[in-house]
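Visitor: What follows is a single structure, and I will ask about it in a moment.
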Amino acid sequence: MRKLIKHHTTNVLFKPVLSRMEAQKAATDKTAKAIMVQEKSVLDAKTQRLRVARIARDHKI
1 MRKLIKHHTT NVLFKPVLSR MEAQKAATDK TAKAIMVQEK SVLDAKTQRL RVARIARDHK
61 I
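All the letters of the sequence shown, read from the start, carry residue numbers 1 to 61 under the numbering used here.
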């Protein structure tokens with residue numbers, strides 16, 4: 001039990017320091033994910049706008 005607590009505490013409370021390459025990769029991953037989320041929100045907004053325009057057009061006909 002004591003070993004489990006020590007292992008759990010070590011991994012959760014004291015995160016290992018990333019190497020320079022790991023830190024650079026983490027920063028790149030974070031930036032790429034942020035860009036993808038932003039692009040998806042722009043695409044979703046465009047899709048919603050086009051859907052509303054199509055519904056409005058169909059109601060006029």
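Every residue gets a Cβ at the ideal spot worked out from N, C-alpha and C, and that includes glycine.
(1) Can you tell me the Cα-Cα spacing of K46 and V52, whole angstroms?
(2) Apart from the five residues on each side of it in sequence, which residues of its chain come closer than 6 Å, Cβ to Cβ, to M1?
(3) What is the DSSP secondary structure of I61, counted as helix, strand or coil?
(4) Give the straight-line distance between the Cα atoms of L50 and K60, rounded to the nearest whole angstrom.
Guide: Straight from the coordinates:
(1) Counting from 1 along the sequence shown, the entry for residue 46 is found at position 46. Counting from 1 along the sequence shown, the entry for residue 52 is found at position 52. Approximately 10 Å, taken between the alpha carbons.
(2) Here residue 1 refers to the residue found at position 1 when the sequence shown is read from its first residue. For M1, the predicted model reports a pLDDT of 48, less than 50, meaning its position is unreliable and no value from the coordinates is stated.
(3) Position 61 of the sequence shown, counted from the first residue, corresponds to residue 61. If DSSP states are grouped into helix, strand and coil, I61 belongs with coil.
(4) Within the sequence shown, residue 50 is the residue found at index 50, counting from 1. Within the sequence shown, residue 60 is the residue found at index 60, counting from 1. C-alpha separation (whole angstroms): 15 Å.
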